[in-house]
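First comes the structure, then the notes that go with it.
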Amino acid sequence: MSARPRRRKIGDDEEVHPDERWMASYMDMVTVLMCMFIVLYAMSTVDSNKWSQLANSLATGFGTTPSQDIDIAQGVVVPPELVKADGAGFTATESNVDTDLTQAKDEVATLVHLRDQMRESLKRNGVEDLVQFKIDERGLTVGLVGSETFFRPDRADLSAKATVVLDSIAPTLASAGRNITVEGHADKHGRTINFPTDWELSSGRATQVLRRLVEHGGVPAASVGAVGYGNARPAATGDALADMAQNRRVDVVVLSALPDKARKLIPGVVADS
C-alpha cells in the first residue's frame, strides 16, 4: 500500500502561501476608478460663458425663457443691446441684410460705369451695335454674338470687326482690376470642317479673343482665362436662324468678387434701377 500523505498540523513550521492573484485584478480596478474620477474632475471645470450660452440655448429650445428677439437657428437668446449689432454667432440680422444690399448696389454702379465706358469707346469706333451687355449675379457680360461678324465660318481667326471691338473694350478691361473669363459657345449644327467637335471650335475662338485682349489690349494675363462650352449652354433653344446665331457667340465676363449673398441681390438691384 502506498503511504498516505501526512496532514499538516497547526503549529508546524511550514510557511503557508495562500492564492493572491485576486490582488492584481483589484489593483487594476482601483487604477481605472482613479482615472475615471480624474476625468470627471477635469470635466467639471465649467466655463461660465459657455455655460451661460448653453443655458440660454436650452431655455430657448424649451420655451421657458421669455425673449423678444431670439436667433432660432442657433438657439441663443439675443441680448437687447446686440439686437442691431453684427455679433458673432448670430444669423442674418437686419444689419447684415443692409450690408449685402449696399454691396450689391455699389457693385452694380461699378459694373454700369465699366459698361458705359466700353459703350462710349465702341461708339467712337462705330461698332456699338455689334456688342450686347448684360449685368447679373455673375458680373458684367460683354457678348460678341453671331460668329459671322467676328469669325469666318468654322474658323477661329478673328475678323477685322472683331479686332476693332476687342481693341475698343480692352483699355476698360485692363484697368478694371477684375478677374475675366472668356467663354466660347457654338450652335448645335453637327460636324465642323476644321475642328473635330464644337468644343474645339468654341475653345479656339475663346482663346483667340483672350490673346487679342492680352497681347494687344494690355489685359493682365494673370487675371483672364478662356473656356469652350461647345453647344452645351445655348442662349436660345429654337431652330430658327436667329436662335442659331444667338448661340454662336463669345462672352467676355467681368466677374463679380462679392460674397454669394450679396451677388444674388444684383439682379433685383438692376431691375429696380
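Each residue of the sequence shown is one higher than the last, beginning at 12 in the working numbering. Quick reminder that beta carbons are idealized off the backbone N, C-alpha and C, glycines included. Predicted model only: the values in this text are computed from it and were never measured.
Inter-residue Cα distance where the pair is residue i and residue j
i, j, result
"F101", "A232", "The predicted position of F101 is uncertain, since its pLDDT is 48 and thus under 50; no value can be drawn from it."
"R130", "E139", "6 Å"
"V238", "S284", "32 Å"
"H196", "A167", "12 Å"
"F162", "T110", "44 Å"
"Q128", "T183", "7 Å"
"A187", "F206", "34 Å"
"V123", "L212", "31 Å"
"A171", "G228", "15 Å"
"M38", "C46", "12 Å"
"L169", "A282", "34 Å"
"L51", "W33", "27 Å"
"L133", "I180", "7 Å"
"T42", "P270", "55 Å"
"S36", "L44", "12 Å"
"S214", "N67", "57 Å"
"I49", "D117", "58 Å"
"A268", "V119", "12 Å"
"K145", "S63", "51 Å"
"T160", "Q143", "13 Å"
"A185", "N60", "51 Å"
"A99", "M40", "Reliability fails at A99, whose pLDDT of 48 lies under 50, so the model's placement of it is uncertain and no value is given."
Best match in the options for proximity to residue i [C-alpha to C-alpha]
i, options, result
"V225", "Y240, R260, D117 and D178", "D178"
"A204", "P164, R260, D147 and Q143", "Checking the sequence, you will find Ile at residue 204 rather than Ala. Selected option, being the one with the closest Cα: P164."
"P245", "S234, V261 and V235", "V261"
"K272", "N107, G236, T218 and T121", "N107"
"R222", "A173, V156, Q143 and S132", "A173"
"T121", "A217, K134, Q143 and D147", "D147"
"A217", "E194, E211 and H227", "E194"
"A243", "W210, S63 and G236", "W210"
"P278", "N60, R149 and Q143", "R149"
Whether residue i touches residue j by CB criterion (8 Å)
i, j, result
"D198", "N258", "yes"
"V220", "A115", "no"
"G241", "T192", "no"
"L276", "L112", "yes"
"L141", "L125", "no"
"V263", "V153", "yes"
"R189", "S234", "yes"
"L155", "V175", "no"
Counterpart residues of residue i in DSSP-defined beta bridges
i, result
"I49", "Looking at the DSSP assignment, I49 forms no beta bridge with any residue, so it has no partner."
"T113", "Bridge partners of T113: none, in fact."
"A237", "V193"
"I146", "L151"
"D262", "G154 and E194"
"F206", "For F206, which the question treats as bridged, DSSP gives no partner whatsoever."
"F162", "L169"
Below-8 Å beta-carbon distance, residue i vs any chain B residue
i, result
"L151", "Structure shown: chain B not included; a single protein chain is present."
Residue i: CB within 7 Å of a non-hydrogen atom of the ligand NAP
i, result
"K199", "Judged by which ligands are present, the structure shown has none, so any question about the ligand NAP falls away."
Self-check item: Uninterrupted beta strand (DSSP E) stretches inside the segment 166-198 (no shorter than 3 residues)
Solution: 191-195
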